[in-house]
Structure formats: structure tokens, C-alpha cells
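Those sequence lines, one after another, are chains A and B.
My numbering applies: residue 35 is where the first sequence begins, and numbers increase by one.
My numbering applies: residue 579 is where the second sequence begins, and numbers increase by one.
The beta carbon of each residue, even a glycine, is placed where N, CA and C say it ideally should be.
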Amino acid sequence: MNRVLKYAWYQLIVILIATLVMAATLGLAVVYWRGKEFSALIPLGLFALVHFYSLFFPLKAGEIAFDERDKEIKDRATRIAFTVLWYVFVLACLIPLLVIGNGSIHVMYLGWLIFFAALILKITWSIAVIFQYGRGGCNE
Amino acid sequence: MSKDGLTNQIRRLRFDNGEMTQQALAEKVGVTRQTIIAIEQGNYTPSLTLAMKIARTFNKTVEEVFKLD
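Written out as C-alpha cells, the structure is:
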């Protein structure tokens with residue numbers, strides 16, 4: 035499997051695990067730790083694992099891990115991810131306006147907006163990479 | 579054939595050159611084996627630089643390796 039493709043799968047799996055653990059912790063926090071629901075955010079630290087890819091999958095000596103085709107796929111995936119992010123961001127800004135109208139939003143909304151923006155960017159990027167390799171490389 | 583009508587003789591040339599493997603060709607031109615597979619299958623159109631490197635590996639001109647139909 036191509037290294038960029040492997041990274042995309044790795045990133046998706048890390049995000050999935052971190053989200054599942056966070057959901058489980060949130061469930062426990064709501065039931066057992068009333069008032070401490072923010073502790074459910076601790077498992078989000080697992081997202082940091084995304085940056086340790088090279089540690090878990092070191093480059094073999096002499097291995098060619100990245101070439102012009104990978105760069106093209108990565109660049110296209112980045113463009114797709116930012117386009118999706120833009121639409122999500124516009125929706126996230128318009129929805130409170132349509133729902134609340136002239137009222138106010140909680141200050142945490144902005145924090146969550148940035149967090150979910152980063153998450154959506156990573157997920158979309160990974161899916162775009164997987165889709166592009168999958169389309170052109172069924173016999174790879 | 580690729581979407582832009584480009585065909586290539588890489589597969590035949592590899593076999594004509596001592597049954598060179600895709601991995602060996604990939605290492606000679608500095609790309610991954612997956613890229614060689616994608617080019618052979620017509621799923622990827624290489625850059626001019628890569629096309630020239632591939633042609634040079636087989637001692638051919640770019641036109642002898644790649645043809646635009």
C-alpha cells in the first residue's frame with residue numbers, strides 16, 4: 035500500500051477511535067460525573083497520535099515514499115477538503131442566524147466550530163485520498 | 579489508454595529489457611511502484627520529466643514509449 039494512502043487510513047482510524055472514546059466518556063460523564071462533562075474532552079488528546087505516524091511506520095532505508103503522483107493526489111485532496119470546510123463553515127455561521135435570529139450564541143460555539151472544522155478537514159482529506167487511490171489503483 | 583488518449587509501451591519494454599520488474603523500473607526513475615502500475619494501466623499521465631526518465635531507462639525516445647492516439 036502506498037505510504038500516503040496508509041497515512042490517510044491511519045488518520046481516519048485515529049479520528050474514529052478518539053471520537054468513539056470521547057462519546058463513551060461523555061456518556062459516562064453525563065451519568066456519573068454531573069457538572070464535569072468537560073472531562074469528556076480529555077480523550078481528544080488521542081488526536082495527537084495523528085502526528086506520530088512516522089514513529090509507528092518509519093521509512094525503510096532507500097524506500098521511495100513520495101512521488102509526483104502522490105503530490106498530485108495530496109494537493110487535490112487538500113483542495114477538496116478546504117472546499118468542503120468552507121461550505122461547512124458558511125453553514126455553521128448561517129444556522130445560528132436562522133435558528134436564533136437576533137439573539138446570542140454561547141461563547142463555546144466558536145471553540146467547537148474551530149475544533150469540528152479541523153476534524154472535518156482531516157476526515158475529508160483522508161476520504162479524498164482514499165477515493166483517489168482506490169479509483170486508479172485497484173490492482174496496486 | 580489514459581483519459582487523454584495516451585498509450586504506452588512500458589510493459590512490453592520491461593519484458594524486452596530482461597523482464598525488468600515494476601519495482602526495478604520505479605527505483606531507476608525515482609517513483610513508487612504504484613505510480614508505474616498506474617502509468618502502465620493508463621490511469622495516470624506522467625510529467626514530462628518522468629516520461630523522459632522512463633524513456634531514457636529503455637534507451638528510447640519519449641515518442642517510442644508514449645503515443646498520443
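How about the region 46-63 of chain A and the region 76-83 of chain A: do they share at least three Cβ pairs that are nearer than 8 Å? Judged by Cβ distances under 8 Å, the region 46-63 of chain A makes contact with the region 76-83 of chain A, as three or more pairs qualify.
Same chain, Cβ closer than 6 Å to B:I588, neighbours up to 5 away in sequence not counted: Answer for B:I588: E618, listed in chain order.
Give me the DSSP bridge partner(s) of B:K645. Under DSSP, the beta-bridge partners assigned to B:K645 are B:T585.
Hey, does A:D101 have any beta-carbon neighbour from chain B nearer than 8 Å? It does: the Cβ of A:D101 has a partner Cβ on chain B nearer than 8 Å.
Tell me, please, whether the region 617-635 of chain B touches the region 112-123 of chain A by the rule of three or more beta-carbon pairs shorter than 8 Å. Using a Cβ-Cβ distance cut-off of 8 Å, the region 617-635 of chain B and the region 112-123 of chain A are not in contact, since fewer than three pairs of beta carbons, one from each stretch, lie closer than that value.
Pair every Cβ in the region 102-114 of chain A with every Cβ in the region 158-166 of chain A, then say whether three or more of these pairs are closer than 8 Å. Yes: at least three Cβ pairs fall under 8 Å.
What does the Cβ neighbour count give for B:L646, buried or exposed, with the cut at 16 atoms within 10 Å? Sixteen is the threshold: since fewer than 16 other Cβ atoms of the shown chains lie within 10 Å of the Cβ of B:L646, the residue is exposed.
Could you pull out every residue in the same chain whose Cβ sits closer than 7 Å to the Cβ of A:Y41, ignoring the five residues on either side in sequence? Y87.
Using 10 angstroms around the beta-carbon of A:C172, count the other beta-carbons present and answer buried if the total reaches 16, otherwise exposed. Residue placement at A:C172 is flagged as unreliable, the pLDDT there being 41, under the threshold of 50; a coordinate-derived value is accordingly withheld.
Using a 10 Å radius around the Cβ and a threshold of 16 neighbouring Cβ atoms, would you call B:R592 buried or exposed? It is buried - the Cβ of B:R592 has at least 16 other Cβ atoms within 10 Å.
Hey, is A:N36's beta-carbon within less than 8 Å of any beta-carbon in chain B? It does: the Cβ of A:N36 has a partner Cβ on chain B nearer than 8 Å.
Determine the contact status of A:F81 and A:I47, defining contact as a CB-CB distance below 8 Å. Cβ atoms of A:F81 and A:I47: not closer than 8 Å.
Flag this pair as yes or no: are the beta carbons of A:D101 and B:V640 separated by less than 8 Å? Remark: C-beta atoms of A:D101 and B:V640 do not approach each other more closely than 8 Å.
B:Y622 beta carbon less than 8 Å from that of A:I103: Checking the sequence shown, residue 103 of chain A turns out to be Arg, not Ile. For A:R103 and B:Y622, yes; Cβs fall inside 8 Å.
Against A:L98, what residues of chain B qualify as contacts under a CB-to-CB distance less than 8 Å, listed in chain order? The question names Leu, but residue 98 of chain A is Ile in the sequence shown. The contact set of A:I98 on chain B, defined by CB atoms closer than 8 Å, consists of A604, E605, G608, V609 and T610 in chain order.
Rounded to whole angstroms, what is the Cα-Cα separation between A:Y66 and B:T613? Looking at the two C-alpha atoms, the distance is approximately 53 Å.
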